[in-house]
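Asker:
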Amino acid sequence: MTDAAEGLRQVYITALNDYLNTGSEEALARAYELGRQGIAEGLGVLELTAVHQEALVALLLQGLAPEESARIVGRAADFLAECLALFEMALRGFRETNAALRAANESLERRVAERTSELQDRSEEVRAMSQQLWQAAKLATMGELAASIAHELNNPLAIVSLRIESLRAQTDAEDPRHRALAVIEREVERMGNLVGNLLQFSRRGTKQISTVDLCEEIENTLDLVHYHLRNHRIAVAREFEPGVPPVMADRQQLRQLFLNLITNASDAMPEGGTLTLRARSDPGSPPGKAKGVVVEVADTGVGIKAADLPRVVEPFFTTKPEGKGTGLGLSICRRIVEEHRGRMEIESQPGQGTTVRVTLPVAGAANGSPLS
353 MTDAAEGLRQ VYITALNDYL NTGSEEALAR AYELGRQGIA EGLGVLELTA
403 VHQEALVALL LQGLAPEESA RIVGRAADFL AECLALFEMA LRGFRETNAA
453 LRAANESLER RVAERTSELQ DRSEEVRAMS QQLWQAAKLA TMGELAASIA
503 HELNNPLAIV SLRIESLRAQ TDAEDPRHRA LAVIEREVER MGNLVGNLLQ
553 FSRRGTKQIS TVDLCEEIEN TLDLVHYHLR NHRIAVAREF EPGVPPVMAD
603 RQQLRQLFLN LITNASDAMP EGGTLTLRAR SDPGSPPGKA KGVVVEVADT
653 GVGIKAADLP RVVEPFFTTK PEGKGTGLGL SICRRIVEEH RGRMEIESQP
703 GQGTTVRVTL PVAGAANGSP LS
């Protein structure tokens, strides 16, 4: 027993004996004060209980009758309970404080986790915006460069083309020089197409917006490439949903969009194949309230490798053989679609073909909001 417990023992025996003899509230209150003294002197519950046990044993050894011993044990228990009341209150307070601290910690952890998630989301947004700004700056620079190069090449190419046409008219069809001039003429035409693409890529003119029937515009574009597709053994399949709603768009830009997509699909099928053109209301729209129109241009060509898919819309990136493509077709398509508040998606499997899906908002869509 510690010195503090030893010092309290005799006082406790006296107080307990007084309570057992009188049973007064004043004597019982003395138990509460002894409990307070024990706490002040650093005694624990076990030490106070040991003091109580020693005091009780000393009283019981006085040779009391059994019924008197039972009464003493019962009243002594009341005295001990009063003595330990402060310990119970302290324990209850500790438990309540501990529970409050645990709840506060859990709340803090949740807030930290939420804040961390918000910061991560914000960081991703900033990174995406930085990437978009960088891409926009790069495209602006490339557009200026493209326009400068195209204008510098346009006039010389026109002169060369006219001179070749004149020279071919002066030579016989069987003359080897005639065939050589034909080869040169084809290459000049290819360079002219490149210049045209460069000018289209750099152009930022005012759009002439009107109501456009997409199915009709697809048919108009097919009329332009009908002979090209037939000569390359490409069959055309149309899957137009009845009642496709019109869109508000620049008709010339949409024709450029469809022409580029159809030409790309044709180039992907050098041995021939099937070109499928689909038009329908956006399946994500409520019945009778279409928000968008979906156009798909699908081919059965060579497809695109997964590693190349993210890059095919970058300016000057091409998967075509050297000298075949400029790498601007899909970049121009993406720009046209974005300027019309739409979206463009590309799905492809090597050896199985490619599908380009364009979704444009219908005429009268709420506030002209871009499609998400």
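Following my numbering, the numbering of the sequence shown begins with 353 at its first residue and continues without gaps.
Built from N, CA and C at the ideal position, the CB exists for glycine as well.
Small disclaimer: the values here were computed from a predicted structure and weren't measured.
Identify whether Arg693 lies in helix, strand or coil by the three-state DSSP scheme.
Answerer: In the sequence shown, the residue the question calls residue 693 occupies position 341. In the structure shown, Arg693 sits in coil (DSSP, three-state: anything other than H, G, I, E or B).
Asker: In its own chain, which residues sit with a C-beta less than 6 Å from the C-beta of Gln560, not counting the 5 before and 5 after it?
Answerer: The count along the sequence shown starts at 1 and reaches residue 560 at position 208. Correct list, in chain order: Asp602.
Asker: According to DSSP, simplified to helix, strand and coil, what is Gly705?
Answerer: Here the question's residue 705 lines up with position 353 in the sequence shown. Strand, per DSSP.
Asker: Looking at the strands, I want to know which residues DSSP matches up with Ser700.
Answerer: As a first step, residue 700 is located in the sequence shown; it is residue number 348 there, counting from the start. Paired residue(s): Thr706.
Asker: Counting pairs of beta carbons, one from the stretch 642 to 652 and one from the stretch 702 to 715, are three or more of them closer than 8 Å?
Answerer: Touching, yes, given that three or more Cβ pairs across the two stretches are closer than 8 Å.
Asker: What is the rounded straight-line gap between the Cα of Gly720 and the Cα of Tyr579?
Answerer: Counted from its first residue, the sequence shown places residue 720 at position 368. Counted from its first residue, the sequence shown places residue 579 at position 227. Unreliable positioning characterises Gly720 in this predicted model, as indicated by a pLDDT of 49, which lies under 50. The coordinate reading is nonetheless provided below. If you take the alpha carbons of Gly720 and Tyr579, they lie about 38 Å apart.
Asker: Report the partner residues of Arg590 according to the DSSP bridge assignment.
Answerer: In the sequence shown, the residue the question calls residue 590 occupies position 238. For Arg590, which the question treats as bridged, DSSP gives the partners Leu629.
Asker: Quick check: the Cα distance between Thr707 and Gly655, rounded to an integer number of angstroms?
Answerer: Position 355 of the sequence shown, counting from 1, holds the residue named residue 707. Position 303 of the sequence shown, counting from 1, holds the residue named residue 655. In a straight line, the C-alpha of Thr707 is about 9 Å away from that of Gly655.
Asker: Going by alpha carbons, who is nearest to Arg361 out of Val409, Thr374, Ser475 and Ile424?
Answerer: Here residue 361 corresponds to residue number 9 of the sequence shown, with the count starting at 1. It is Val409.
Asker: Does the Cβ of Asp619 have 16 or more other Cβ atoms within 10 Å, making it buried, or fewer, making it exposed?
Answerer: Here residue 619 is taken as the residue at index 267 of the sequence shown, counted from 1. Under this definition Asp619 is a buried residue.
Asker: In this structure, does DSSP put Glu393 in helix, strand or coil?
Answerer: Locating residue 393 in the sequence shown gives position 41, where the first residue counts as 1. If DSSP states are grouped into helix, strand and coil, Glu393 belongs with coil.
Asker: Return helix, strand or coil for Ile656, following the three-state DSSP convention.
Answerer: For this step, residue 656 is matched to residue 304 along the sequence shown. Of the three classes helix, strand and coil, the one that applies to Ile656 here is coil, per DSSP.
Asker: Identify whether Pro713 lies in helix, strand or coil by the three-state DSSP scheme.
Answerer: Numbered from its first residue, the sequence shown carries residue 713 at position 361. Pro713 falls in the strand class under three-state DSSP.
Asker: Return the CA-CA distance between Val664 and Ala631, expressed in angstroms with no decimal places.
Answerer: As a working mapping, residue 664 is identified with position 312 in the sequence shown. As a working mapping, residue 631 is identified with position 279 in the sequence shown. Computed Cα separation, rounded: 23 Å.
Asker: Gln405: buried (16+ other C-beta within 10 angstroms of its C-beta) or exposed?
Answerer: Taking the sequence shown and counting its residues from 1, the one referred to as residue 405 is at position 53. Its Cβ having fewer than 16 others within 10 Å, Gln405 is exposed.
Asker: For Ile698 and Ala650, what's the separation of their Cα atoms in angstroms?
Answerer: Taking the first residue of the sequence shown as 1, we reach residue 698 at position 346. Taking the first residue of the sequence shown as 1, we reach residue 650 at position 298. Using only the alpha carbons, I get a separation of about 10 Å.
Asker: Within 10 angstroms of the Cβ of Ser469, are there 16 or more other Cβ atoms? Answer buried if so, exposed if not.
Answerer: On the sequence shown, residue 469 is found 117 positions in, with the first residue counted as 1. Ser469 should be labelled exposed.
Asker: Thinking C-beta only, is Gly387 closer than 7 Å to Cys727?
Answerer: Lying outside 353 to 724, the shown extent of the chain, residue 727 is not represented and no answer is given.
Asker: When you compare each of Asn507, Gln701, Gly595 and Ala407 to Asp634 by their alpha carbons, which one comes out closest?
Answerer: Reading the sequence shown from its first residue, position 282 is the one you call residue 634. The candidate whose alpha carbon is nearest that of Asp634 is Gly595.
Asker: Beta strand (DSSP E) containing Glu648: first to last residue?
Answerer: One-based indexing of the sequence shown puts residue 648 at position 296. Per DSSP, Glu648 belongs to the beta strand (DSSP E) from Gly644 to Ala650.
Asker: Roughly how many angstroms lie between the CA atoms of Arg582 and Glu623, to the nearest whole one?
Answerer: Looking up residue 582 in the sequence shown gives position 230. Looking up residue 623 in the sequence shown gives position 271. Arg582 and Glu623: Cα-Cα distance of roughly 12 Å.
Asker: With DSSP collapsed to three states, give me the class of Val599.
Answerer: On the sequence shown, position 247 is the one that residue 599 refers to. Three-state result, Val599: strand.
Asker: Inspect the CB distances between the stretch 685 to 701 and the stretch 604 to 611 and report whether three or more fall short of 8 Å.
Answerer: yes
Asker: Run the CB neighbour count on Leu576, radius 10 Å, all protein chains shown included, and call it buried at 16 or more, exposed below.
Answerer: The residue given as residue 576 occupies position 224 in the sequence shown. Exposed, because fewer than 16 other Cβ atoms sit within 10 Å of the Cβ of Leu576.
Asker: Report the rounded CA-to-CA distance for Pro598 versus Arg538, giving the unit in angstroms.
Answerer: If you number the sequence shown from 1, residue 598 lands on position 246. If you number the sequence shown from 1, residue 538 lands on position 186. Approximately 39 Å between the Cα atoms of the pair.
Asker: If you draw a straight line from the C-alpha of Val535 to the C-alpha of Thr628, how long is it?
Answerer: Your numbering for residue 535 matches position 183 in the sequence shown. Your numbering for residue 628 matches position 276 in the sequence shown. Spanning the two alpha carbons is a distance of roughly 33 Å.
Asker: Give the secondary structure of Gly720 by DSSP, where H, G and I count as helix, E and B as strand, and everything else as coil.
Answerer: For the purposes of this step, residue 720 is taken as residue 368 along the sequence shown, with counting starting at 1. Below a pLDDT of 50, predicted positions are generally treated as unreliable, and Gly720, at 49, falls in that range; the measurement from the model is reported next regardless. In the three-state reduction of the DSSP assignment, Gly720 falls in the helix class.
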